[in-house]
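Here's the structure we're looking at; comments come further down.
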Amino acid sequence: MSLVTALTYVLPHRLLSSMARSLAYSDKPWLKQWLIDAVTRRFGVDLDEAAESDPTRYPTFNAFFTRALKPGARVADADPRALVMPADGHISQCGRIDGDGRIFQAKGQSFTAVELLGDEAAAEPFRNGLFATVYLSPRDYHRVHMPWTGTLRETVHVPGRLFSVGTAAVARVPRLFARNERLVCHFDTDFGPMACVMVGALLVSGVETVWSGVEIPAYGDRINRKDYRGRGITLERFAEMARFNYGSTVIVLLPPGVATLDAKLHAESPVRLGEKLATRT
Numbered sequence: 069m070s071l072v073t074a075l076t077y078v079l080p081h082r083l084l085s086s087m088a089r090s091l092a093y094s095d096k097p098w099l100k101q102w103l104i105d106a107v108t109r110r111f112g113v114d115l116d117e118a119a120e121s122d123p124t125r126y127p128t129f130n131a132f133f134t135r136a137l138k139p140g141a142r143v144a145d146a147d148p149r150a151l152v153m154p155a156d157g158h159i160s161q162c163g164r165i166d167g168d169g170r171i172f173q174a175k176g177q178s179f180t181a182v183e184l185l186g187d188e189a190a191a192e193p194f195r196n197g198l199f200a201t202v203y204l205s206p207r208d209y210h211r212v213h214m215p216w217t218g219t220l221r222e223t224v225h226v227p228g229r230l231f232s233v234g235t236a237a238v239a240r241v242p243r244l245f246a247r248n249e250r251l252v253c254h255f256d257t258d259f260g261p262m263a264c265v266m267v268g269a270l271l272v273s274g275v276e277t278v279w280s281g282v283e284i285p286a287y288g289d290r291i292n293r294k295d296y297r298g299r300g301i302t303l304e305r306f307a308e309m310a311r312f313n314y315g316s317t318v319i320v321l322l323p324p325g326v327a328t329l330d331a332k333l334h335a336e337s338p339v340r341l342g343e344k345l346a347t348r349t
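The sequence shown begins at 69 in our numbering and counts up one residue at a time.
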C-alpha cells in the first residue's frame, strides 16, 4: 500500500473536505482565480467547450468546477435503445453483478450491492444485473446526467468515510465505494428499477441534485431516506440529474435481462457523456 493511500485511513476526512469546500466557495478574487488557473494548467481543462470560456468570469472555484457546457458540446447516442453514459471520465470497472450481489471494484477487491445501497430489499432487483462505475477526474465536466428516462422514487444518503477514489486507492482500499459517503438515487423506468449512486471522496464530498439542491454536506451519521413517490419528478434520458463539487464517481446499477453493456467498454476506457453505455434488449 502506498504512503498516500495509507495516510487516508488516518486523515480527518470530513474536516479536510469542509476546509476544501470553504476554499471552493470563496469569492476572494485572487484565491478563486489562483485555484482555477492551477487546476486548468495541472489537468489540461478544455474551457473552449464551456458555456463560459473566460476563466476570470467565474465568481468562485466551485462555479468553475461545476460549469455548464455549450449547447451541442455533448449529444446523446442516436440509437433510441441506447442507455447513455452519465458523465465524462473513464470506466473504473463495469460488468455483471454476480448471483451473490457482488460488484467488482479492482483486482482482489469487491463489495456488495447491499453494502453500496444500504438496503437489502433495494439491492435484490439488481442481483445478476449490470453495473458501470465511472470516475470523473478533475479535468472533466462535473454534471451527471440520466442514462435512461426515469421517475425518481427515493434518495438514500448513506454516511461514511471520504477516501480518495483515485486508481491507487480503488485498488487497495477494501469495499471503498461502499464505505464512502454517497447519495443513492432510485428511479423507476419502463424496464424496472435503476440506481445511480453519487459517491463522495476526499476533498470531493459535495453532491447536489436538480430536484432538491445540496444533499451532501451536511454529512450524516445515519442513513437518511427521502421518499419522492407521487411527486412526479421524471427526468428524461440525457437530462441533467446531479453534480459534484469536485471530481468523483458515479455508479449505475441495472436489473438483469434489460440491456447489454457496450462491447467496447472496459476498465480505464475513456468515456464522454452521452456515449452508449448499454443497449436495451
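Just so it is clear, CB atoms sit at the ideal spot from N, CA and C, and this is done for glycine as well.
Please read these numbers as outputs of a predicted model, since none were measured by experiment.
I need the boundaries of the beta strand (DSSP E) containing residue i, first residue and last residue.
i    : result
I319 : 317-322
A286 : Unbroken run through A286: none, as it is neither H nor E.
Note down the Cα distance separating residue i from residue j, rounded to an integer number of angstroms.
i    : j    : result
S232 : E283 : 20 Å
P97  : G112 : 22 Å
D168 : T180 : 8 Å
T134 : M87  : 18 Å
L83  : R348 : 43 Å
L204 : R89  : 18 Å
Using 7 Å as the threshold, is the C-beta distance between residue i and residue j below it?
i    : j    : result
T223 : K138 : no
F312 : H225 : no
A136 : A119 : yes
E117 : H213 : no
F194 : L345 : no
V182 : A191 : yes
L329 : L184 : no
S85  : S273 : yes
P323 : G260 : yes
Please list, in chain order, all residues of the same chain as residue i whose beta carbon is under 6 Å from its beta carbon, the five residues on each side excluded.
i    : result
D208 : D156, G157
H254 : R221, E222, A263
Q161 : F172, T201, A335
L103 : F129
A416 : Outside the displayed span of the chain (69 to 349) sits residue 416, for which this structure offers no information.
By Cβ distance, which residues of its chain are closer than 7 Å to residue i, with the 5 residues on each side in sequence left out?
i    : result
D144 : In the sequence as presented, Asp is not what sits at residue 144; that position holds Ala. Result list for A144: V152, R305, F306, G342, in chain order.
V47  : Nothing about residue 47 can be read from this structure; the chain reaches only from 69 to 349.
P242 : Q177
In chain order, what residues of the same chain have a beta carbon less than 8 Å from the beta carbon of residue i, not counting five sequence neighbours either side?
i    : result
R229 : H81, R247, N248, E249
R110 : P206
R299 : L220
Looking at the unbroken alpha helix (DSSP H) that takes in residue i, where does it start and where does it end?
i    : result
R240 : 235-240
L204 : It is not in any alpha helix (DSSP H) - L204 carries neither H nor E in the DSSP assignment.
L184 : 181-185
A327 : Looking at the DSSP string, A327 is not in any alpha helix (DSSP H); the run it does join, the beta strand (DSSP E), is 327-329.
E188 : 188-191
Considering only residues of the stretch 94-157, which uninterrupted beta strand (DSSP E) runs meet the minimum length of 3 residues and lie entirely inside it, listed in chain order? 150-152
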